[in-house]
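Numbering (this note's numbering), first residue to last: 13 to 407.
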Ligand SMILES: *Cc1c(COP(=O)(O)O)cnc(C)c1O
C-alpha cells in the first residue's frame, strides 16, 4: 500500500495489540473501586523500581509534578537558584520558578542537545541549590562531569528524565544517578499513559520518605500534616494501565530504534546528511554552532542507548527548517514538529532571570534550525522511507 500520510505518532497502533490486557486492568479498577493509591500503585511502583534499578519509585500525577515534588523535597524556594538548560520543554524551568527559586539558564551542546557541563560550572553561585540537567530527545546528558561539579559544591542533582525513560548513561538507567529522577508518562513520551502521569525516583531513603509525604499534603496519617505538600498522586487506574505497557516497553523501545536506524541509513545514503560532530563534544569549554558540513545534520549518539524520541534533525541553511516543516505538514501530511521554537531564556515570563542572549549560541541556533520527525514503535519501513523522501524533496 502506498503511503500518503504519517502522523507524528499513532497511539491506536500502539494500543491495539494490548487491548485485552488493558481492558483487564481497567476492569480490575472498576471491580475494586480502587482509584487512589493502594495495591495497583504499589505494584506499578515496584515494577518501575525493578526496571530502572533504583531503590524508590514514586508514582505521581505528571512529569511536571515530579519535578516540583523533587524541588519541594529538597526545600528549594525563594532566594535560591537552580541551574537548568535553556533548550528544553517549559516545565523544567516552570517548576523551578513555581517554588519561588530562580532558574539559571545554561546553553546546550550541539552533539546531544543537552546541557553543557562547563556551562554549569560557570553558573554556580553561593545561591545555587540544585542542578537540573534534562535528558533531551531520549538521550542522557553527560552525567559524570555534572555529578562531579555537584559533589564538589555539595549541591543536589535533579534529573529531568521526562523524555528518556529507557535510555541509560554508561549502563545505568537515565534518571537514577542524581538525587532525584523525574519521569513523564504524557501520552507522547516513550511510555505513555491514558492521560497525565509521572514518576519520581531516588536511591535516598530520607528523600523518598519526604517525597511520599509531600505527595499527599504532607499528611503522616490521621490528618497530621508534617509538611505543606500537595496532591501529586498518580491515579491507580493510570498505574494499572501503565503496568501493562511497561511489560511491553522493551519491545517498543526496540521498535523506535529500528525506525531511527532506517532514518539514519536513508538520510546518510542521500549524501545530503552528516553528523554535527565526529565525536562527543559534551565536555568542550563552550557550546558552539555546528559547522554546516551538510544541509542536514542527524542526531548524534553520545551514548548508544539513546531512544530517539523525538527524532530531531538540524537543517543548516537559513530558512530551510521552516520550508521543510511547511512542506511536510502542508503538502505531505507528515506530522513533523518544531521542538522548541523559543528557548527558555527568551521567554517573557523569565525576563527576571536576566540571561544574556549571547551566552546561548546553540540554544538560539537549535530553535531556528531543528525539526522533529514522526517516530513510533509501529512505524513501517514504507512510512519511514516516505518521510525521508519528503524531507529530501524540500532541502
Ligand atoms: C514532557 C516534559 C515534562 C513535563 O511532563 P508532563 O508529564 O507533561 O507534566 C518536563 N520536562 C520535559 C523535558 C518534558 O519533555
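Here a beta-carbon is modelled for each residue, glycine too, at the ideal position from N, C-alpha and C.
From a predicted model like this one, the values you see are computed outputs, not experimental measurements.
Distance cut-off 8 Å: residue i Cβ against heavy atoms of ligand 1
i, result
"residue 40", "no"
"residue 146", "yes"
"residue 329", "no"
"residue 79", "yes"
"residue 175", "yes"
"residue 101", "yes"
"residue 209", "yes"
"residue 76", "yes"
"residue 104", "yes"
"residue 141", "no"
"residue 257", "no"
"residue 172", "yes"
"residue 201", "yes"
Extent of the continuous beta strand (DSSP E) to which residue i belongs
i, result
"residue 363", "Looking at the DSSP string, residue 363 is not in any beta strand (DSSP E), and its letter there is neither H nor E."
"residue 51", "Premise fails: residue 51 lies in the alpha helix (DSSP H), 51–64, not in any beta strand (DSSP E)."
"residue 336", "Taken as a continuous stretch (DSSP letters only), residue 336 belongs to no beta strand (DSSP E), being part of the alpha helix (DSSP H) at 332–338."
First and last residue of the uninterrupted alpha helix (DSSP H) at residue i
i, result
"residue 377", "373–381"
"residue 108", "102–110"
"residue 405", "393–406"
"residue 325", "Here residue 325 belongs to no alpha helix (DSSP H); instead the beta strand (DSSP E) covers 323–327."
"residue 32", "31–44"
"residue 160", "155–165"
"residue 129", "129–135"
"residue 356", "Note, residue 356: premise wrong, no alpha helix (DSSP H); not H, not E."
"residue 24", "23–27"
Strand pairing of residue i, partner residues [DSSP]
i, result
"residue 212", "70, 194"
"residue 229", "DSSP lists no partner for residue 229."
"residue 146", "172"
"residue 7", "The structure shown does not extend to residue 7, since the chain is modelled only from 13 through 407, so no value can be given for it."
"residue 114", "93"
"residue 309", "286, 326"
"residue 245", "72"
"residue 349", "384"
"residue 185", "180"
"residue 18", "346"
"residue 48", "247"
"residue 120", "127"
Same chain, Cβ closer than 6 Å to residue i, neighbours up to 5 away in sequence not counted
i, result
"residue 353", "379"
"residue 127", "97, 118, 120, 145, 153"
"residue 339", "406"
"residue 231", "237"
Any non-hydrogen atom of ligand 2 closer than 8 Å to residue i Cβ
i, result
"residue 196", "Summarising the ligand content, the structure contains ligand 1 and does not contain ligand 2."
Cβ-Cβ separation, residue j to residue i (assumed contact under 8 Å), whole Å
i, j, result
"residue 323", "residue 272", "6 Å"
"residue 227", "residue 81", "6 Å"
"residue 240", "residue 34", "Incorrect: roughly 37 Å between the Cβ atoms, too far for contact."
"residue 157", "residue 295", "6 Å"
"residue 223", "residue 212", "6 Å"
"residue 130", "residue 297", "5 Å"
"residue 307", "residue 327", "7 Å"
"residue 186", "residue 200", "In fact, because the Cβ distance is near 18 Å, the residues do not count as touching under 8 Å."
Proximal residues to residue i (C-beta, below 8 Å), its chain only, five neighbours per side dropped
i, result
"residue 109", "115, 361, 362"
"residue 72", "78, 81, 209, 210, 211, 212, 227, 244, 245, 246"
"residue 136", "95, 161, 165, 167"
"residue 202", "150, 175, 176, 177, 178, 261, 264, 265, 268, 319, 321"
"residue 387", "21, 268, 271, 272, 275, 320, 321, 322, 323"
"residue 30", "256, 257, 260"
"residue 229", "237, 240, 241, 242, 243"
Contact set for residue i: own chain, Cβ-Cβ below 7 Å, skip 5 residues either direction
i, result
"residue 112", "89, 90"
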